[in-house]
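First residue of the sequence shown? That's 49 in the working numbering, and the numbers climb one at a time after it.
Step one of this worksheet: look at the structure below.
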Amino acid sequence: MKIAAKEVNADGYGLMGLTLYDKVQSDEHKLEAMKTAVEQGANFWNTGVFYGGVGPGIDPEANLALLKKYFERYPEDFDKICLSVKGAVNISNFQPDSSKENICRDMEITFKYLPKKQLDMYTISRVDSKLGVEAAVRNVLPYIQDGSVKSYCLSEAGSESIRKAHAIYPVAAVEVEFSLFALDVVDAGVFKTCAELGIPVIAYAPLGQGMLTGKVDSNSLPENDIRKNWDRFQTEVYEKNKGLVDLISQIATKNSVTNAQVALQWVRAQSSKNKDYPEIIILPGSSNAARVKENFTHISLPDEDIKQLDDFVTSFKRAGGRYNAHADANLLQ
C-alpha cells in the first residue's frame, strides 16, 4: 500500500517503547534493533515529540534524539522509511492540544532532528475536544501545502471525527489500538468507516502493550514503567483477563512459535478475512534486535487455531479499560 507517496509494507515499527519504557538498554542496543526492523522490511515507523516521557529530569524529545542518531549512522534509510511523528499534545498536562501554536512547536521540534525538512506524516495524537477535529486539520494544512509535511494521520479518532477530517483534506491513515485484547475500534465502527473511505489503519499495541506475550504482567514491570498506571497491568484486572493470554500460550506451544508471533499473525489475517476491514499495518515495537526479528518472522497458523481465537474474543469480556479512566476519556472521540 502507499502512504505519503511511499510504498509501505504491512509490518511497521513503533519507536515509543525505545525511550518511554526501556530506560536500561544502551543507545547502541536500540540502534541495532532499529536497523533490524529495516532489514526485516518494516518500513513504516512511528515516533513522537513526547515519546521520551514527561516529568522531572525527563527529556520528552529523547525518542527523536535517538532517531537522529539512527539517521546520522544510516542516512540511506531516511528515504526508505515512511516516518510518522505524533504530536498535538500539551506536554505540561498530557492533554490533546491541536492549536496552531502547539502544532507549530511540534514542527519546529521535529525538523530539528530530521536530516531534511521533510516529514511523511504528522499524527494528531488525540482529537482535541476544545477545538474539534476540523480545526486541527486546518492547523496542519499549511505544512502540507508548503510541502514540508506530506500527509496527516488521526490517532484514536472516532468514525464521525474521521469523516469530518476527511471532508476537509484526505486522511492518510488512522492509528488505533487493535489486538486480540482490544477490539473497541470494530465495535465503534471505525474499521468500517476506514474501509469505506479507503483509509489504512495503523494497528498500534498489537501485543496488548506486551501483555499478550505472556512475559509482561503487573509484577514484571519496573517501578518507573508508565504501564504500571494502566488498568490491564493491575493485578486483579490482569488475572481476570489472563484466560486470553493462556489460550495464546497454548496455541503457541502447539505450533512451536511464540505468543507474540501468534498474536501478530492473528492481526495480520484480519484484513483479508473481513470485507468491512481496511488494510492494516501492524506496529509492534521492541528495543531488542532478536525480538524485532521474531516479530517480523511471519508464521502460518492452522484455520482451527485462528477460529479458536476468533471464537474466544467474540465472547471475551475484557476487564478494565485500555489505559485508565483519565486516559480512556480521550479515546475514539
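In this text, a Cβ means the ideal position worked out from N, Cα and C, and glycines have one as well.
Tyr200: member of the beta strand (DSSP E) spanning Val197 to Ser203, first to last residue. The C-alpha of Phe281 is placed about 5 Å away from the C-alpha of Ser266.
Ranked by how close their Cα comes to the Cα of Thr171, the residues Gln318, Asp294 and Val222 have Val222 in first place.
Ser74 and Thr95 have their C-alpha atoms roughly 18 Å apart. Annotated three-state conformation of Tyr286 is helix, per DSSP. By the criterion of a C-beta distance shorter than 7 Å, Val305 is surrounded in its chain by Ile347, once the five residues flanking it on both sides are discounted.
For Ile129, the closest C-alpha among the options Ala311, Ala230, Gly258 and Ala85 is that of Ala85. In the three-state scheme derived from DSSP, where H, G and I count as helix and E and B as strand, Gln88 is classed as coil. About 29 Å separates the beta carbon of Lys341 from that of Gln166, a gap too long to meet the 8 Å contact definition.
Under the DSSP assignment, Val188 falls in the alpha helix (DSSP H) whose first and last residues are Val181 to Gln193. Looking at the DSSP output, Pro144 bridges to Val137.
Straight-line spacing of the CA atoms in Tyr286 and Ala367 works out to 8 Å.
Proximity to Val137 across Ala58, Val175 and Tyr69 peaks at Val175, based on C-alpha coordinates.
Boundaries of the beta strand (DSSP E) around Tyr61: Gly60 to Gly62.
Rounded to the nearest whole angstrom, the CA to CA distance from Ala230 to Gly65 is 19 Å. Annotated three-state conformation of Asn57 is coil, per DSSP. Each residue's CA atom was taken as its position, placing Phe119 and Val264 some 31 Å apart. Cβ contact annotation for Gly262 (same chain, cutoff 6 Å, sequence separation greater than five): Val293, Ser297 and Asn307, in chain order. Apart from sequence neighbours up to five positions away, the residues of its chain that approach Asn289 with a beta-carbon distance below 8 Å are Phe229, Met259, Arg280, Arg366, Ala367 and Gly368, ordered along the chain. The secondary-structure analysis by DSSP pairs Gly96 across a beta bridge with Lys134. For Tyr122, no beta strand (DSSP E) encloses it, and the DSSP letter there is neither H nor E. For Ser319, the number of other beta carbons within 10 angstroms of its own is at least 16, and it is reported as buried.
By the 16-neighbour rule on beta-carbons within 10 angstroms, Glu225 is buried. In the structure shown, the three-state DSSP call for Lys165 is coil. Taking the Cα of Ser227 as reference, the smallest distance to any Cα among Leu115, Ser196 and Arg316 is reached at Arg316.
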